[in-house]
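These notes concern the structure reproduced below.
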Amino acid sequence: MLQSVCNLSYDDTPECGSLDDRSHPAPHKEDPFDNTQLQGACSTSDSHEPKFVRCYADFILPAFLVHLCGDLCEEEQDLVVLSFQELSVHYEKESPHETSIQVALRGLLMEDLLEVPGSEHRYLIRSSNMSATEAPPAPQKADFISVSCPDMTHHVPLVPYHPSLPDHLCTENVFKAHLKKSKPKGYPRRPSVLRRSNSATCPFTPPPSPSGRASPPVQEDSLMHISVLLMDRRSPYFASKHNKTDRVIQVVFNSLEVTVNSQTWVMVLDFLGMNSESPAVHKSSTHRQSSVVKVDLDTAHEALELKNTELDVSICNLTVTLNKPVYQLARSSISNFATHISLQDGNTAVRASLEKISVLDLTPYGGLYRERFVTTGKEALHFDIFRYGTTDQALEREFDIKVECEMSSVQLVYMHRFMLEAMEFFANFTELQTLLVNLRAATKGDEVNVMTSRAPRLKLELTAGSPVIVVPQAYNSHDVLVANLGNLTVSTSFCFVGDEGTVSSMQKHHSCSASPTLSNNNDCRGVDSVSLSDVEDDAPCLLQVMKITLVDMDLYSGTHVPGKAKHSSSAQASCLQFSSYHIEKNDGPLLPQTFMLKLQAEKNLDSFINHTVPDWTVQGSFSSVHFTIDRHQGQLIQGILRRNLGEHVDGSSPSSVSFVETPAEQARRIGRTEVDRGSLTDKAWTSLAVYMDLVNVSLELVHSR
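And the structure:
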């Protein structure tokens, strides 16, 4: 859309005095005092130099309906219908090199036509104005009575209408004074004769129409407001004033409700060209080296010239609901989200913050613990993201993506069932996208390049203050185990397998029989036979090494109590507050004092084609820790392991995550496309390996406290 707007506002008029004209010297010297030549030159320049014409346009549409149809079937199938209410567009071009566009939308509704009529999941996007439902306060009495005259209307009953006629004429326009920051040159300005201090509540007359309160700004009346400023690169101030920025966009949302139906949203994103497509390749040969034809992406990027863009997005209230075919999965609410996105030379920089975020469990098993994730504090999250636009196969850069995150205190209720269902939802969404891409490639007679590249190097720097994890014994149990992680810090580096400091190098210095994490030699040989597969000749795996430090960590048991805490302030301070329940701390802590835990998590970035090491490896160590567990706490820990973490959930394992290598995948890994299925057997690899070093750790079991 922005490219189309740029094409409409593009001016191909060459600049005055081009380099070609200035590079050729004059054939002979003219008399500088020849008036006839000067007049002729002036008339010639005036006749050939076009005059700039300022352009202003307004476009207002009360209702606008758009039907999106799918083309995968033989007949077109309606997907969704978009309804735009009170769409207003203001176009303004006051200078040859700058174009301003203002867009306002009062309401938005997206209806899923694949759902049956009357379904509560039929509306994918729905706008709601939070301030529209509030009744306006009664107007003030004696709005225009002089201050020197006594108020004689105190005995008059309050009427619901305004004290002047007509009742209320609202003549505000969304593209009026607050948007027009500058007027055209030479625009006649009326001298300000009237001076007033309360211009919002007492508008100019006629008619007076006092409103009793300030009229709401445009952003409160409109669901969405977009401001776009387009700059031409030929502007003399393009580098000095605009910092080589082609577009400056500001987007303001009021309140929006989004429902995610996987099948419909995948097709809508594909319609909009936002699907995660992989480059299609043509059939050429069965050999691995010649089966993948490189796509010349540089030519495509040159055709679409990169535009430097500055984007500001702010959302007052955003609600996202994840919907499964049988029931709703989760609902996330975000308040006061603000972000600044900078697209410069193909690189992306994002700075964002949000005030509050909460995640609700809407499954049939979430009745007791409805809130799964809540934040506390004025600013819940602040993060900076930087991503390079080009790939770095030679690993010359320090990272591909860098994320710096500062998080306030968060409270997480962990249920293994809910986590598996969430993973299944997103895996199913990705699987549908891949399936749709393959279908489109098949219709074109192409093959999809199944050989994916290395995972991006994500450098994560995270600091969080006192995150708390609540682990219930089961979804229907009131007994919980609370882990206060204290101060959490995460730092990231990148190493190859076997480098100094990695888990693989540490394991080389210890024999399998002496390892505290393995019970016997048979287990050790099993791990080695699985991890160290027949890929020793392959290049070493690249690892993402994350060092996690938890300071002042504490563990204690608690009890789920419905409703808010109604005790003293000291008791409320020891409780974990949620909106519909709270967690009370039980007597008898598991730890007499807090301790520090250090973890090192390694992710195999080449896990798609190389399983020399597990996909995830976690090593931790803590020392000088004394645990005291009574009978009730012991039963709680056993119940968590059996009924929460070890709960069997039918059909909850993501179908796209497979830990068994099929013959086709093994053949693709070793570079063959045609293999004898009888010669290759299914092969398994290690997905997760955990090593914990316990030094001077004691456990005391007591009957009761």
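Residue 179 in UniProt numbering is what sits at position 179 of the sequence shown, and the numbering runs on without skipping anything. The beta-carbon is built from N, C-alpha and C at its ideal position, and this holds for glycine as well.
* Asked: Rounded C-beta distance between G486 and V551? I'm assuming under 8 Å.
  -> Position 486 of the sequence shown holds residue 486. Position 551 of the sequence shown holds residue 551. Between V551 and G486 the Cβ distance is about 5 Å, and since that is below 8 Å, they are a contact.
* To do: Measuring alpha carbon to alpha carbon, tell me which of R387, G366, Y414 and F253 ends up nearest A338.
  => For the purposes of this step, residue 338 is taken as residue 338 along the sequence shown, with counting starting at 1. When each option's Cα is compared against that of A338, the closest is F253.
* **Pair within 8 Å by beta-carbon distance, P614 and A539** => The residue given as residue 614 occupies position 614 in the sequence shown. The residue given as residue 539 occupies position 539 in the sequence shown. No, the pair does not count as a contact, with Cβ atoms beyond the cut-off.
* **Continuous alpha helix (DSSP H) stretch holding L61: start and end** => The residue labelled residue 61 in the question sits at position 61 within the sequence shown. Run containing L61: none in the alpha helix (DSSP H); it sits in the beta strand (DSSP E), C55 to G70.
* **Where the beta strand (DSSP E) through Q593 begins and ends** => As a working note, residue 593 is residue 593 in the sequence shown. Careful: Q593 lies outside any beta strand (DSSP E) and carries neither H nor E.
* CA-CA distance, S119 and P325? -> Translated into positions along the sequence shown, residue 119 becomes position 119. Translated into positions along the sequence shown, residue 325 becomes position 325. Each residue's Cα considered, the two are about 11 Å apart.
* Asked: In the structure shown, what three-state DSSP assignment does L645 receive?
  -> The residue given as residue 645 occupies position 645 in the sequence shown. If DSSP states are grouped into helix, strand and coil, L645 belongs with coil.
* Output the boundary residues of the beta strand (DSSP E) element that contains R331. => As a first step, residue 331 is located in the sequence shown; it is residue number 331 there, counting from the start. Q328 to Q344 is the span of the beta strand (DSSP E), which, as asked, contains R331.
* Proximity to F622 [Cα-Cα], best of L599, N308 and R247 -> In the sequence shown, residue 622 corresponds to position 622, counting from 1. Of the listed residues, the one whose Cα sits closest to F622 is L599.
* Can you pull the DSSP bridge partners for K585? -> Residue numbering aside, residue 585 sits at position 585 when the sequence shown is read from its first letter. BP columns for K585 point to G558.
* To do: Take C495 and list the residues in its own chain whose beta-carbon comes closer than 6 Å to its own, dropping the five residues that flank it on each side.
  => In the sequence shown, residue 495 corresponds to position 495, counting from 1. Within the same chain, C495 has close Cβ partners T502, L543 and V545.
* Asked: Taking the alpha-carbon positions, what's the E355 to V89 distance?
  -> Mapped onto the sequence shown, residue 355 falls at position 355. Mapped onto the sequence shown, residue 89 falls at position 89. If you take the alpha carbons of E355 and V89, they lie about 31 Å apart.
* Asked: Using 8 Å as the threshold, is the region 87 to 103 in touch with the region 220 to 238, meaning 3 or more CB pairs across them?
  -> Enough Cβ pairs lie closer than 8 Å, so yes.
* Asked: Would you call the CB atoms of N644 and M415 closer than 8 Å?
  -> Start at 1 with the first residue of the sequence shown, and residue 644 comes out as number 644. Start at 1 with the first residue of the sequence shown, and residue 415 comes out as number 415. Yes, Cβ-Cβ distance for N644 and M415 is below 8 Å.
* Environment of residue 724 [buried if 16+ CB atoms lie within 10 Å] -> The structure shown does not extend to residue 724, since the chain is modelled only from 1 through 705, so no value can be given for it.
* Using the Cα positions of I637 and S579, report the straight-line distance between them to the nearest angstrom. => On the sequence shown, position 637 is the one that residue 637 refers to. On the sequence shown, position 579 is the one that residue 579 refers to. Cα to Cα, the separation comes out at about 26 Å.
* To do: Reducing DSSP to helix, strand and coil, say where R440 ends up.
  => For the purposes of this step, residue 440 is taken as residue 440 along the sequence shown, with counting starting at 1. In this structure, R440 counts as helix in the three-state DSSP scheme.
* Report the rounded CA-to-CA distance for V625 versus Q507, giving the unit in angstroms. => Within the sequence shown, residue 625 is the residue found at index 625, counting from 1. Within the sequence shown, residue 507 is the residue found at index 507, counting from 1. Cα to Cα, V625 sits roughly 24 Å from Q507.
* Taking the beta strand (DSSP E) that I385 falls in, what are its first and last residues? -> What you label residue 385 is simply residue 385 of the sequence shown in a count that begins at 1. That run of the beta strand (DSSP E) goes L381 to R387.
* Asked: For K402, which beta-bridge partners are listed by DSSP?
  -> As a working note, residue 402 is residue 402 in the sequence shown. Beta-bridge pairing links K402 to F386 and K459.
* So what does DSSP say about N428, is it helix, strand or coil? -> By one-based count along the sequence shown, residue 428 stands at place 428. Secondary structure of N428 (DSSP, three-state): helix.
* **Counterpart residues of M546 in DSSP-defined beta bridges** => Position 546 of the sequence shown holds residue 546. Paired residue(s): T492 and A601.
* Just the C-alpha distance for G107 and L591, rounded to the nearest angstrom, thanks. => Locating residue 107 in the sequence shown gives position 107, where the first residue counts as 1. Locating residue 591 in the sequence shown gives position 591, where the first residue counts as 1. Using only the alpha carbons, I get a separation of about 55 Å.
* Please work out which residues of its chain come closer than 7 Å, Cβ to Cβ, to R126, disregarding the five sequence neighbours upstream and downstream, and give them in chain order. => Numbered from 1 along the sequence shown, position 126 holds the residue referred to as residue 126. Here the set comprises L109 and E257.
* **Span of the beta strand (DSSP E) around H90** => The residue labelled residue 90 in the question sits at position 90 within the sequence shown. Where H90 is concerned, the enclosing beta strand (DSSP E) stretches over Q77 to S95.
* Asked: Name the DSSP bridge partner or partners of N317?
  -> Locating residue 317 in the sequence shown gives position 317, counting from the first residue. N317 is bridged to S255 and S335.
* Would you call the CB atoms of D361 and R372 closer than 8 Å? -> Position 361 of the sequence shown, counted from the first residue, corresponds to residue 361. Position 372 of the sequence shown, counted from the first residue, corresponds to residue 372. Contact check for D361 against R372 passes: the beta carbons are separated by less than 8 Å.
* **First through last residue of the beta strand (DSSP E) which encompasses T99** => Position 99 of the sequence shown holds residue 99. E98 to D112 is the extent of the beta strand (DSSP E) around T99.
* Could you tell me the distance, in whole angstroms, from the CA atom of T443 to the CA atom of F608? => Counted from its first residue, the sequence shown places residue 443 at position 443. Counted from its first residue, the sequence shown places residue 608 at position 608. In a straight line, the C-alpha of T443 is about 27 Å away from that of F608.
* **Cβ-based neighbour list, H382, same chain, cut-off 7 Å, excluding 5 preceding and 5 following** => Looking up residue 382 in the sequence shown gives position 382. So the list reads S353 and E406, once near-sequence residues are dropped.
* **Backbone CA spacing between F627 and V374 [nearest angstrom]** => Working through the sequence shown from its first residue, we reach residue 627 at position 627. Working through the sequence shown from its first residue, we reach residue 374 at position 374. The straight-line gap from Cα to Cα measures roughly 29 Å.
* C-alpha gap between S704 and N586, whole angstroms -> Within the sequence shown, numbered from 1, the residue matching residue 704 stands at position 704. Within the sequence shown, numbered from 1, the residue matching residue 586 stands at position 586. Looking at the two C-alpha atoms, the distance is approximately 13 Å.
* Counting Cβ pairs closer than 8 Å, one from the region 243 to 253 and one from the region 306 to 317, do we hit at least three? -> Taking a contact to require three or more Cβ pairs closer than 8 Å, the region 243 to 253 and the region 306 to 317 qualify as touching.
* So the beta strand (DSSP E) W265 belongs to, where does it begin and stop? -> By 1-based counting over the sequence shown, the position of residue 265 is 265. Annotation for W265: no beta strand (DSSP E) segment contains it, though the alpha helix (DSSP H) segment containing it runs S262 to F271.
* Asked: Rounded C-beta distance between V497 and Y556? I'm assuming under 8 Å.
  -> Locating residue 497 in the sequence shown gives position 497, counting from the first residue. Locating residue 556 in the sequence shown gives position 556, counting from the first residue. 39 Å between Cβ atoms; not a contact.
* Asked: What three-state label does DSSP hand Q633 in the structure shown?
  -> Residue mapping note: residue 633 aligns to position 633 of the sequence shown, counting from 1. The three-state secondary structure of Q633, taken from DSSP, is helix.
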